[in-house]
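Student:
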Amino acid sequence: MKIWTSEHTFHHPWETVVKAAWRKYPNPMNPSVVGLDVVDRFVDKDGILRSHRLMSTKWGIPDWAAKILGRDRICYASEHSEVDPKKRMMTLRSRNLTFCNLITIDEQLIYSPHPQDPNKTRLTQEAVVTVEGIPLSSYMENVVTDTISTNANKGRQAMEWVIGKITGEANDLKQEAQKAVDNMIPHTRPSM
Numbered sequence: 001m002k003i004w005t006s007e008h009t010f011h012h013p014w015e016t017v018v019k020a021a022w023r024k025y026p027n028p029m030n031p032s033v034v035g036l037d038v039v040d041r042f043v044d045k046d047g048i049l050r051s052h053r054l055m056s057t058k059w060g061i062p063d064w065a066a067k068i069l070g071r072d073r074i075c076y077a078s079e080h081s082e083v084d085p086k087k088r089m090m091t092l093r094s095r096n097l098t099f100c101n102l103i104t105i106d107e108q109l110i111y112s113p114h115p116q117d118p119n120k121t122r123l124t125q126e127a128v129v130t131v132e133g134i135p136l137s138s139y140m141e142n143v144v145t146d147t148i149s150t151n152a153n154k155g156r157q158a159m160e161w162v163i164g165k166i167t168g169e170a171n172d173l174k175q176e177a178q179k180a181v182d183n184m185i186p187h188t189r190p191s192m
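Structure, rendered in structure tokens:
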């Protein structure tokens, strides 16, 4: 078993980062995610939004490895999330479904306001990788955690990209609203 951890600060408020987390896929930084399906979503009695999603990804599995493993190149993971607006915390927990008899990846991401600056958001990540039943399992665990680290950097870039899109969309809406108001003002003045 190998444990990987990381912490990152986004220079954006928690609400903005959470909105971006919901819209993270698809993105140009991580084109391997090819599908995201909502299985269940509800708000519980405490006001916490709970979701279960399935993620489909294309792994870069060579043809020879896919033939040996008997799998195609699409792999699946299950993600459970909680958004607690009172505590201002979003928690995502995921586990791979494909290859789980050989390798298990349990990942957790927590988005919360930064303790020193409420206009920033702290992301803490942890992944527990377990490889069993194949030779060189310790080596494979290191390879997987290195890949997770690389993908985490891409994920943070993707979040910034989505935040940029959200900000651009908000500015576009603001400009359209201002144009509409400017066009209505001449029509609302009484004629003399």
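In the UniProt record's numbering, the protein residues as written are 1 to 192. C-beta atoms are modelled at their ideal positions from N, C-alpha and C, and glycine is treated no differently. The structure displayed is predicted, hence computed values, not measured ones.
Within a Cβ cutoff of 8 Å, which residues of the same chain sit near residue 193, ignoring the five residues on either side of it in sequence?
Tutor: Because the chain here runs from 1 to 192, residue 193 falls outside it and cannot be looked at.
Student: How is K2 classed by DSSP in three states: helix, strand or coil?
Tutor: Strand at K2.
Student: Going by the DSSP bridge assignment, what does F99 pair with across the sheet?
Tutor: DSSP lists no partner for F99.
Student: Going by Cα to Cα distance, which pick from D106, R41, H114 is closest to W22?
Tutor: Of the candidates D106, R41, H114, the one whose C-alpha sits nearest the C-alpha of W22 is R41.
Student: Rank V34, I148, Q125 by C-alpha distance to the C-alpha of T5 and give the top, closest one.
Tutor: Comparing Cα-Cα distances from T5 to each of V34, I148, Q125, the minimum goes to Q125.
Student: Straight-line CA distance for A77 to L102?
Tutor: Spanning the two alpha carbons is a distance of roughly 14 Å.
Student: Express the C-alpha separation of I110 and P135 in angstroms, rounding to a whole number.
Tutor: If you take the alpha carbons of P135 and I110, they lie about 33 Å apart.
Student: Indicate whether the contact test is met: 3 or more Cβ pairs, each with one atom in the stretch 11–28 and one in the stretch 80–95, closer than 8 Å.
Tutor: Flag = yes, the stretch 11–28 and the stretch 80–95 touch.
Student: If I'm right that D146 touches A127 with Cβ under 8 Å, what's the distance once you round it to whole angstroms?
Tutor: Not a contact, Cβ separation roughly 11 Å.
Student: In whole angstroms, what separates the C-alpha of P186 from that of A180?
Tutor: Their backbone Cα atoms lie some 11 Å apart in a straight line.
Student: With DSSP as the reference, label P28 as helix, strand or coil.
Tutor: Correct three-state label for P28: coil.
Student: Residues in its own chain within less than 6 Å of I48 by CB, not counting five upstream and five downstream?
Tutor: Excluding sequence neighbours, I48 sits near E82, D84.
Student: Can you tell me where the beta strand (DSSP E) with K19 in it begins and where it stops?
Tutor: Looking at the DSSP string, K19 is not in any beta strand (DSSP E); the run it does join, the alpha helix (DSSP H), is 14–22.
Student: Among the residues of its own chain, which have a CB less than 6 Å from the CB of V131, if the five just before and after it don't count?
Tutor: Excluding positions up to five away in sequence, the list reads I103, S137, M140, E141.
Student: Where does E7 sit, in a helix, a strand or coil, going by DSSP?
Tutor: E7 falls in the strand class under three-state DSSP.
Student: Residues in its own chain within less than 6 Å of Q108 by CB, not counting five upstream and five downstream?
Tutor: Excluding sequence neighbours, Q108 sits near R93, E126.
Student: CA-CA distance, R53 and N183?
Tutor: If you take the alpha carbons of R53 and N183, they lie about 44 Å apart.
Student: Starting from the C-beta of G35, find all residues in its chain whose C-beta is less than 6 Å away, skip the five residues before and the five after it, and write them out in chain order.
Tutor: Within the same chain, G35 has close Cβ partners S56.
Student: One question on the structure: do P13 and T91 come within less than 8 Å of each other, judged by their Cβ atoms?
Tutor: For P13 and T91, no; Cβs fall outside 8 Å.
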